[in-house]
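Student: Just passing along the structure, written as C-alpha cells.
Number of protein chains: 2
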Amino acid sequence: MADYKAPLRDMRFVLNEVFDVSSLWASLPALAETVDSETVDAILEEAAKVTCRTIAPLSRSGDEEGCHWNDTVVSTPAGFPEAYRTYAEGGWVGVGGNPEFGGMGMPKVVSAQVEEMLNSASLAFGLYPMLTSGACVSLNTHASEELKATYLPNMYAGVWCGSMCLTEAHAGTDLGIIRTRAEPAADGSYSISGSKIFITGGEHDLTENIIHLVLAKLPDAPAGPKGISLFLVPKFLVNADGSLGERNAVSCGSIEHKMGIQASATCVMNFDGARGWLVGEPNKGLAAMFTMMNYERLGVGIQGLSSGERSYQNAVEYARERLQSRAPTGAQNPGKAADPIIVHPDVRRMLLTMKALNEGGRAFSTYVAMQLDIAKYSEDAQQRERADSLVALLTPVAKAFLTDIGLETTVHGQQVFGGHGYIREWGQEQLVRDVRITQIYEGTNGIQALDLMGRKIVGSNGAWYRLFSDEVRQFIDTADSDLQEFARPLANALDTLDELTAWVLDRARSNPNEIGAASVEYLHLFGYVTYAWLWARMAKAAQGKEGADEFYAGKLATARFYFARLLPRIHSLNASVRAGSESLYLLDAAQF
Amino acid sequence: MADYKAPLRDMRFVLNEVFDVSSLWASLPALAETVDSETVDAILEEAAKVTCRTIAPLSRSGDEEGCHWNDTVVSTPAGFPEAYRTYAEGGWVGVGGNPEFGGMGMPKVVSAQVEEMLNSASLAFGLYPMLTSGACVSLNTHASEELKATYLPNMYAGVWCGSMCLTEAHAGTDLGIIRTRAEPAADGSYSISGSKIFITGGEHDLTENIIHLVLAKLPDAPAGPKGISLFLVPKFLVNADGSLGERNAVSCGSIEHKMGIQASATCVMNFDGARGWLVGEPNKGLAAMFTMMNYERLGVGIQGLSSGERSYQNAVEYARERLQSRAPTGAQNPGKAADPIIVHPDVRRMLLTMKALNEGGRAFSTYVAMQLDIAKYSEDAQQRERADSLVALLTPVAKAFLTDIGLETTVHGQQVFGGHGYIREWGQEQLVRDVRITQIYEGTNGIQALDLMGRKIVGSNGAWYRLFSDEVRQFIDTADSDLQEFARPLANALDTLDELTAWVLDRARSNPNEIGAASVEYLHLFGYVTYAWLWARMAKAAQGKEGADEFYAGKLATARFYFARLLPRIHSLNASVRAGSESLYLLDAAQF
Chain A
28 MADYKAPLRD
38 MRFVLNEVFD
48 VSSLWASLPA
58 LAETVDSETV
68 DAILEEAAKV
78 TCRTIAPLSR
88 SGDEEGCHWN
98 DTVVSTPAGF
108 PEAYRTYAEG
118 GWVGVGGNPE
128 FGGMGMPKVV
138 SAQVEEMLNS
148 ASLAFGLYPM
158 LTSGACVSLN
168 THASEELKAT
178 YLPNMYAGVW
188 CGSMCLTEAH
198 AGTDLGIIRT
208 RAEPAADGSY
218 SISGSKIFIT
228 GGEHDLTENI
238 IHLVLAKLPD
248 APAGPKGISL
258 FLVPKFLVNA
268 DGSLGERNAV
278 SCGSIEHKMG
288 IQASATCVMN
298 FDGARGWLVG
308 EPNKGLAAMF
318 TMMNYERLGV
328 GIQGLSSGER
338 SYQNAVEYAR
348 ERLQSRAPTG
358 AQNPGKAADP
368 IIVHPDVRRM
378 LLTMKALNEG
388 GRAFSTYVAM
398 QLDIAKYSED
408 AQQRERADSL
418 VALLTPVAKA
428 FLTDIGLETT
438 VHGQQVFGGH
448 GYIREWGQEQ
458 LVRDVRITQI
468 YEGTNGIQAL
478 DLMGRKIVGS
488 NGAWYRLFSD
498 EVRQFIDTAD
508 SDLQEFARPL
518 ANALDTLDEL
528 TAWVLDRARS
538 NPNEIGAASV
548 EYLHLFGYVT
558 YAWLWARMAK
568 AAQGKEGADE
578 FYAGKLATAR
588 FYFARLLPRI
598 HSLNASVRAG
608 SESLYLLDAA
618 QF
Chain B
28 MADYKAPLRD
38 MRFVLNEVFD
48 VSSLWASLPA
58 LAETVDSETV
68 DAILEEAAKV
78 TCRTIAPLSR
88 SGDEEGCHWN
98 DTVVSTPAGF
108 PEAYRTYAEG
118 GWVGVGGNPE
128 FGGMGMPKVV
138 SAQVEEMLNS
148 ASLAFGLYPM
158 LTSGACVSLN
168 THASEELKAT
178 YLPNMYAGVW
188 CGSMCLTEAH
198 AGTDLGIIRT
208 RAEPAADGSY
218 SISGSKIFIT
228 GGEHDLTENI
238 IHLVLAKLPD
248 APAGPKGISL
258 FLVPKFLVNA
268 DGSLGERNAV
278 SCGSIEHKMG
288 IQASATCVMN
298 FDGARGWLVG
308 EPNKGLAAMF
318 TMMNYERLGV
328 GIQGLSSGER
338 SYQNAVEYAR
348 ERLQSRAPTG
358 AQNPGKAADP
368 IIVHPDVRRM
378 LLTMKALNEG
388 GRAFSTYVAM
398 QLDIAKYSED
408 AQQRERADSL
418 VALLTPVAKA
428 FLTDIGLETT
438 VHGQQVFGGH
448 GYIREWGQEQ
458 LVRDVRITQI
468 YEGTNGIQAL
478 DLMGRKIVGS
488 NGAWYRLFSD
498 EVRQFIDTAD
508 SDLQEFARPL
518 ANALDTLDEL
528 TAWVLDRARS
538 NPNEIGAASV
548 EYLHLFGYVT
558 YAWLWARMAK
568 AAQGKEGADE
578 FYAGKLATAR
588 FYFARLLPRI
598 HSLNASVRAG
608 SESLYLLDAA
618 QF
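Line by line, the protein sequences give chains A and B. According to the numbering used here, the first sequence is numbered sequentially starting from 28. According to the numbering used here, the second sequence is numbered sequentially starting from 28.
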C-alpha cells in the first residue's frame, strides 16, 4: 500500500477558497477569538503528522491481527495502545470538545478534516476516538454539571474512552422495543440490567476506563420510543476524588467476527445491575442521543470519504507504475515493454470517478460541518434555525451518500489493481471490507433515506428542502458568463430535483408506501445534484488561477469530468423513482 | 445462513418454457439421441442433491479455515477432499465432457445449470472442477489423440484436476510479454521454466495428479502475443501404462492471502525445467486458450449469478423472519412487537432487484450456453457461424455484466441483514468477498468491455451486433397485444442501444480512445437491454398461466418490476457514454 499523504492542500482549498471559513469564524463571536486560519493550518499540519506517521502504518497489521477476546478482556492489535496514547496526548480526542472541560474547542469544519485524515489512516482505529467524542457531545449537552465535571476532562484527554450502547439482539433500527431496564436506587443512581450487541469499543485495552452511554427503560416507562432513557455507566466507578474505584457490573461477553474493521472491537456488553446515572430527562433518551447523532452520522459519512481517498492514492500510484499493454493511440513508453496503465481510457475513467467523488465529498462534508457550526455558534436565532434545518436535511444525505459512494470508489480503486487488488497485502481489498460497515451502522443507508424523505422532506412539507434549493438557485442566478458551462447543467439538474421532490410530496399524501419506494434513489439523486453545485463552486474558486498553478487546472478538469460523466446518473434515478411503489407490492411475502 | 435450495423450477422454466431446448436438441443430430428433457430433469435433480447436501454445508467452514501451504504442499479445508471425491464419482466434473473419453456429453445449457448450483453451494469449491473442465475443453479441441487418450479420461472422472497457468508477476492482461520458456527436448517433449502467479488450484490435496496447461515461449518465438505456445505439464509424469511416474519439476512456491474464495488455493507455481508437451501448434497458444475462454468466461459470469442467488435465498428468509418497525400503511403483525421487514418498501426494492437480476441472469447465461451448443453441434454451417458470432459478441457481456450484477445483488442481500450482514457467521458478507474476484479474474470486466466494444463491435463493424439486434427486433415485431406492456418499452430500449452503437462506431473511426471511454457503460447498457428482452420472453412464457399457478404470477410481477425500476438505468448510461472521451484526457498522469 502507498504511504498515506494527508490531502492538506485540497482541504485548505475547500476551507479557504470555496467556503471562506475565516469570514464565518470572524462573524461568530464564540469563535472569533480562538479560531483563525493560521491556527487551523498548524492544527491540520500536526493532525497530518500523527495520522500519517503514527496511525496509518498500523492499518494493515491491525487488519491481519484483529482484536482478541479472552474471558471478558479484549486486546487490540500490536501498536494500538501506544498509538492511541500518542494520539490522545496530542489532544486530538478533544479537538472539537468544550474548552471549559479541556476540549480544544475547534469548530466542526476543522475536526471534520482531522476525522478524514484519521479514518484514511485507519478506520478501525478511528472508531475509538470517534465514539468517545460522540459520547462527549451527548454528555456536554444533556448531562448534569457534576457528571460533566467528573467525566468530560478525562474523555477529552483520551484517558478514558466512551461507547454508545443502543442495539439489542432483537432491536436495531427499532429501538422502541429494547428490553434493557434501569431501576432507581436510593442514592439517585440506577441499576442497569440487560444485554447490548454490536457495541463498538465496548471493551478494549486502550484506556484505563470506558464510559458507556446506555439506552434503557425505567420501570414506569411508556411503551415504544418515548419510553427510553439514557444512562452513563462507567466500566470502573469513579471516586469522589476522581480516582478509579471498584469495577462496575458491566462486562464484555464476546466480540464479533466481521467482514472488516478487524482492529475495532465490536462487543456484546452485559449489564448485570451495573450502576449508572441518568443523562438528561427520564424517557427523553432518544432525543439526547439525537444531539450526538448528527455529528456521528456526518462522521460516518466522512469515513466513506476517507476510505475512498486512501484507495485513490494507492490506485493512482499503481496506475502510474504498472506497465501493461499499449495506449489505444500508440505507445507512450516505447522504451519499455508496455505503457503505464494510466494511459488507458477506462483506467482514467475509474480514477477520475474516484477523484471527482472524493473531492465533491470533501466539499459536501465540510459544508454540512459548517452548518453544524452555525447552528451551534451563531447568535442570530434565525440563522441558527436555518442552519439547524439544513443540518437536519443534509445529515442523512451525508451519511448515506458519502458511504454508498465510498463503496463505489473503493471498488474502483481495487479494480485498478487487477488481480493484486484481491490480495490482502496490497491493502485495496481491506478498504472495501472496512468501508462496507459504514453503509450499515449508525442507521443503515435505507433508514437514512427514509429519514430524509419521510421525516425531513415530507415532514417539513418541503420547507427544509426549499431552504437548500433556494441557496443553490441563488448560486445559479448569480453565476457569471464564464461559469455557465457549469451553471446551466446545474440548473437543469436542480429543476429535476425540484420537480421530483414536489412529485413525491404529492404522491405521499395518498400512499405512505411512496416514501420508502422513492427514498434511496431520491437520496442518491439529491447527492449528485449537491455534488454538482459544489463542483460548480469549486470551479468558480479555481477559475482564473488555472494558468499559473496546475492544482487549479486539475480542479477545473475534474469539474468538467463530473458534469460530463457522473451527473447524468440522475436521469435513471429520476425515472426509477417516478415508477412509484406499485411494482414493489405485486408479490406477497410468500411469493418471493 | 439459510440452507441452499437449488432453483430447479426456475431452471426448468427457462430451459423448457422460455427456450424450448428439447426442440433444439431434437434438431441437432449429435444430441438428438443422447439428450432429452427427462434425462436432463434427472441430471438436474441429482446435481441439486450433491450440491445442496454435500458441498453447500462446507462453504462457511471452508471460508474460515482456508487453504494452507507448507513447503510446497497445499491442504484444502476439512471436508473438501471427501466432498470432491463424492462430486467426482457422480461424474460431475465431466458433465459436459466428450463421451469418447468418458465425459457425460451434456450440452452447455445443462452443464450451465449444474455450474450455477455448484457455485451457489461454494464458489471456492466450484473452482477446482471448473478449471479442470476448462483445461479439458482446450485439450479436447487442440491436443494430439495421444495426449487426449492419456489425460482426458482421468480428468473427466475427476481423478486428476487441471489448472490454467497464464499470468506472471509482470504480465496479467498483457500476456504478450510473458517470460516462461519452453526448450525442445530430443524426445519431442519440452523443458518448461518460469514462474506463474494467481494459479487457481495449482496445488492441492483433492486429487493424486494435477495437469497444468501452461503458456510459454519457444526459443525462436516472435515477440508479443503471436509467440506464445501452450503446453501440458503434469505434476506427476504418467507412465505408458497410465500409472503415475516420477514427480515433475513443478512446485507451489506459496499461496495468496485473499479477500475471499479462501478455500480455493491461489498459487505461485514454479516450473524448473519441468517436462511438458505441446498442445496444438507452436506459437498458437493463445488461440488454443481462447477455445476454452468462451466456456470459462460464461462460467465466471454464472459465478456472479450463483452468488446473487445464494444471497437472495438468505435475504428472503431473513426478511420474512426479522421483526423490526411497522409497515408504513399500519401494523401487519399486530400480535407481535413489530412487523417482518419484508413489509417495508425499501426492503422489497432490494429483494426484487435481486430477484429480477438473478432470474434475468439465469435466462441470459442459458441463452449464451444455447449459442455455444449450436456453434458446437449444428450441422448447418450458416447456423454455426451465426451462433459463433453471437457467442463472440455475448461472452464478454455475460462475464462482466453477470459479475458486476453479482456484486450489486450480494451487497443488497448483505444490506437486508442490517448489522448481521457484516458478521461472518451469517454468511452474507462472504458472498460479497467471494463474488468480488469474479469481476477481476479471467480478464477484468474492463477488459471484457474493451473486448466487446473494440474487438467484437467495432471489429465486426457492427455486423455481430446486428445479428443480436435483429433477433430482439423480430421478437418485438411479432409480439401480440397482450405483450405490448413489455414490447413497447423494449423497443425504445433497443432503439437507444442501436443508436448508441452506431454513435460509438462512428466516433471510434476518428479517435481510438472513444472505444475504451465508452466500453464499460456501453456493456452495462447492453446488459440491461438484453435482460429486458429476456424478461419480455419470460413474461410471454408466463402469460395465461398466472391464474392457476402463482409461480407464473411471480414471473409477471418480477418482469413488471424490472421494466419499471431497473430498465431506466439505461438513460444515465447512455448519457454518460455520449459524453465521450474528452473529459478523460484533460489531466496528464502527473496531475491525478
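Yeah, the Cβ is synthetic: ideal placement off N, Cα and C, and Gly gets one too. Since the structure is predicted, the reported quantities are computational estimates derived from the model, not experimental observations.
Residues of the region 278-298 of chain A with a CB closer than 9 Å to any CB of chain B: list them in chain order, please.
Tutor: Glu283, His284, Lys285, Met286, Gly287, Ile288, Thr293
Student: Determine whether the beta carbon atoms of Gln340(A) and Ala29(A) lie at a separation below 7 Å.
Tutor: The count along the first sequence starts at 1 and reaches residue 340(A) at position 313. The count along the first sequence starts at 1 and reaches residue 29(A) at position 2. Their beta carbons are under 7 Å apart, which means Gln340(A) touches Ala29(A) by this criterion.
Student: Using only the alpha-carbon positions, how far apart do Thr523(A) and Glu512(B) sit?
Tutor: Along the first sequence, one-based indexing puts residue 523(A) at 496. Along the second sequence, one-based indexing puts residue 512(B) at 485. In a straight line, the C-alpha of Thr523(A) is about 26 Å away from that of Glu512(B).
Student: Alpha carbon to alpha carbon, how far is Thr177(A) from Gly280(B)? Give it in angstroms, no decimals.
Tutor: Residue mapping note: residue 280(B) aligns to position 253 of the second sequence, counting from 1. Residue mapping note: residue 177(A) aligns to position 150 of the first sequence, counting from 1. About 59 Å.
Student: What residue from Val137(B), Cys79(B), Glu72(B), Gly287(B) has the CA that sits closest to Asp47(B)'s CA?
Tutor: In the second sequence, counting from the first residue as 1, residue 47(B) sits at position 20. Nearest of Val137(B), Cys79(B), Glu72(B), Gly287(B) to Asp47(B), Cα basis: Val137(B).
Student: Using a Cβ-Cβ distance cut-off of 7 Å, determine whether His371(B) contacts chain A.
Tutor: By 1-based counting over the second sequence, the position of residue 371(B) is 344. Closer than 7 Å to some Cβ of chain A, the Cβ of His371(B) qualifies, so yes.
Student: I'd like to know whether the C-beta of Phe619(A) is nearer than 7 Å to at least one C-beta of chain B.
Tutor: Numbered from 1 along the first sequence, position 592 holds the residue referred to as residue 619(A). Yes, because at least one Cβ of chain B sits closer than 7 Å to the Cβ of Phe619(A).
Student: Using only the alpha-carbon positions, how far apart do Gly251(A) and Ala314(A) sit?
Tutor: Along the first sequence, one-based indexing puts residue 251(A) at 224. Along the first sequence, one-based indexing puts residue 314(A) at 287. Going by the C-alpha atoms only, they are around 13 Å apart.
Student: For Asp366(B), which residues from the same chain have a beta carbon less than 8 Å from its beta carbon, with the 5 sequence-adjacent residues on both sides left out?
Tutor: Position 339 of the second sequence, counted from the first residue, corresponds to residue 366(B). Only Leu350, Gln351, Ser352, Arg353, Ala354, Ala358, Gln359, Asn360 meet the Cβ criterion.
Student: Which value, in whole angstroms, describes the spacing of the CA atoms of Gly473(A) and Gly328(A)?
Tutor: Here residue 473(A) corresponds to residue number 446 of the first sequence, with the count starting at 1. Here residue 328(A) corresponds to residue number 301 of the first sequence, with the count starting at 1. Approximately 14 Å, taken between the alpha carbons.
Student: Among Ala290(A), Arg36(A), Leu611(A), whose alpha-carbon lies nearest the alpha-carbon of Met102(A)?
Tutor: Reading the first sequence from its first residue, position 75 is the one you call residue 102(A). At residue 102(A) the sequence reads Ser, which differs from the Met that was named. That would be Ala290(A), whose Cα lies nearest to the Cα of Ser102(A).
Student: Give every residue of the same chain whose Cβ lies closer than 7 Å to the Cβ of Ala569(A), excluding the five residues on either side of it in the sequence, and list them in chain order.
Tutor: As a first step, residue 569(A) is located in the first sequence; it is residue number 542 there, counting from the start. Around Ala569(A): Tyr579, Lys582, Leu583.
Student: Label Lys253(B) either buried or exposed according to how many other C-beta atoms from any shown protein chain fall within 10 Å of its C-beta, with 16 as the threshold for buried.
Tutor: Locating residue 253(B) in the second sequence gives position 226, where the first residue counts as 1. That one is exposed.
Student: If you draw a straight line from the alpha carbon of Ala617(A) to that of Val459(B), how long is it in whole angstroms?
Tutor: Working through the first sequence from its first residue, we reach residue 617(A) at position 590. Working through the second sequence from its first residue, we reach residue 459(B) at position 432. The straight-line gap from Cα to Cα measures roughly 26 Å.
Student: What in chain B is Cβ-close to Phe588(A), meaning under 8 Å?
Tutor: As a first step, residue 588(A) is located in the first sequence; it is residue number 561 there, counting from the start. Neighbours of Phe588(A) on chain B, chain order: Ser610, Leu611, Leu613.
Student: If we cut at 7 Å on Cβ distances, does Leu552(A) have a partner in chain B?
Tutor: Start at 1 with the first residue of the first sequence, and residue 552(A) comes out as number 525. Not closer than 7 Å to any Cβ of chain B, the Cβ of Leu552(A) fails to qualify, so no.
Student: Taking contact to mean 3 or more Cβ pairs, one atom from each stretch, closer than 8 Å, check whether the region 495-509 of chain B and the region 442-461 of chain B are in contact.
Tutor: no
Student: Using the three-state DSSP reduction, which class does Asn97(A) fall into: helix, strand or coil?
Tutor: Position 70 of the first sequence, counted from the start, is the residue given in the question as residue 97(A). Reduced to three states, the DSSP call for Asn97(A) is strand.
Student: Under a Cβ-count criterion, where at least 16 other Cβ atoms within 10 Å of its own Cβ denotes burial, should Pro134(B) be classed as buried or exposed?
Tutor: Position 107 of the second sequence, counted from the first residue, corresponds to residue 134(B). Per the 10 Å Cβ criterion, buried.
Student: Kindly examine the ligand SAM and report whether one of its heavy atoms sits closer than 6 Å to the Cβ of Ile224(B).
Tutor: Annotation note on the ligand SAM: not contained in the displayed structure, which lists no ligands.
Student: Short of 8 Å in beta carbon distance, which residues of its chain neighbour Leu593(B), apart from the five on each side in sequence? Order them along the chain.
Tutor: Looking up residue 593(B) in the second sequence gives position 566. Correct list, in chain order: Thr380, Ala383, Leu384, Tyr555, Tyr558.
Student: For Asn43(A), which of Tyr549(A), Thr194(A), Ser218(A), Tyr394(A) has the nearest alpha-carbon?
Tutor: The residue you call residue 43(A) lines up with position 16 of the first sequence. Out of Tyr549(A), Thr194(A), Ser218(A), Tyr394(A), Tyr394(A) has the C-alpha closest to the C-alpha of Asn43(A).
Student: Excluding sequence positions up to five away, which residues of its chain have a Cβ less than 6 Å from the Cβ of His169(A)?
Tutor: In the first sequence, the residue the question calls residue 169(A) occupies position 142. Same-chain partners within the cutoff: Val306, Gly307, Ala315.
Student: Within its chain, find whatever has a CB closer than 7 Å to the CB of Asp232(A); leave out the 5 residues flanking it on each side and keep chain order.
Tutor: For this step, residue 232(A) is matched to residue 205 along the first sequence. Closer than 7 Å at the Cβ level, and outside the excluded window around Asp232(A), lie Val101, Ser102, Thr103, Pro108.
Student: Are any of the Cβ atoms in chain B nearer than 7 Å to that of Ala518(A)?
Tutor: Numbered from its first residue, the first sequence carries residue 518(A) at position 491. Judged by the 7 Å Cβ criterion, Ala518(A) is not in contact with chain B.
Student: Between which two residues does the beta strand (DSSP E) containing Val260(B) stretch?
Tutor: Translated into the one-based positions of the second sequence, residue 260(B) becomes position 233. Here the beta strand (DSSP E) through Val260(B) covers 256-261.
Student: With DSSP run on the structure shown, which of helix, strand or coil describes Thr523(B)?
Tutor: If you number the second sequence from 1, residue 523(B) lands on position 496. It is helical.
Student: Taking only the alpha-carbon atoms, compute the straight-line gap between Ile288(A) and Leu527(B) and give it to the nearest angstrom.
Tutor: For the purposes of this step, residue 288(A) is identified with residue 261 of the first sequence, where counting begins at 1. For the purposes of this step, residue 527(B) is identified with residue 500 of the second sequence, where counting begins at 1. Within the model, the alpha-carbon separation for Ile288(A) versus Leu527(B) is close to 43 Å.
Student: Does Val418(A) get closer than 7 Å to chain B when you measure Cβ to Cβ?
Tutor: In the first sequence, the residue the question calls residue 418(A) occupies position 391. It does not: the Cβ of Val418(A) has no partner Cβ on chain B nearer than 7 Å.
Student: When the cut-off is 7 Å and only beta carbons count, does Thr356(A) lie next to chain B?
Tutor: The residue given as residue 356(A) occupies position 329 in the first sequence. Yes - at least one Cβ of chain B is within 7 Å of the one on Thr356(A).
Student: For His598(A), go through chain C and note every residue whose CB falls closer than 7 Å to its CB, in chain order.
Tutor: In the structure shown, chain C cannot be found, because the protein chains are A and B.
Student: Would a C-beta distance cut-off of 7 Å place Thr430(B) and Gln466(B) closer than the cut-off?
Tutor: Counted from its first residue, the second sequence places residue 430(B) at position 403. Counted from its first residue, the second sequence places residue 466(B) at position 439. Against a cut-off of 7 Å, the Cβ pair of Gln466(B) and Thr430(B) comes out as a contact.
Student: To which residues of the same chain is Asn181(A) closer than 6 Å at the C-beta, ignoring the five residues directly before and after it?
Tutor: Position 154 of the first sequence, counting from 1, holds the residue named residue 181(A). Closer than 6 Å at the Cβ level, and outside the excluded window around Asn181(A), lie Trp187.
Student: Mind pulling the alpha helix (DSSP H) runs of 4 or more residues that sit fully within the region 109-149 of chain A?
Tutor: 135-148
Student: Can you give the Cα-Cα distance for Ile237(B) and Val295(B), rounded to whole angstroms?
Tutor: As a position in the second sequence, residue 237(B) is number 210, starting the count at 1. As a position in the second sequence, residue 295(B) is number 268, starting the count at 1. Computed Cα separation, rounded: 15 Å.
Student: Ala162(B) and Gly189(B): beta carbons closer than 7 Å?
Tutor: Your numbering for residue 162(B) matches position 135 in the second sequence. Your numbering for residue 189(B) matches position 162 in the second sequence. Yes.
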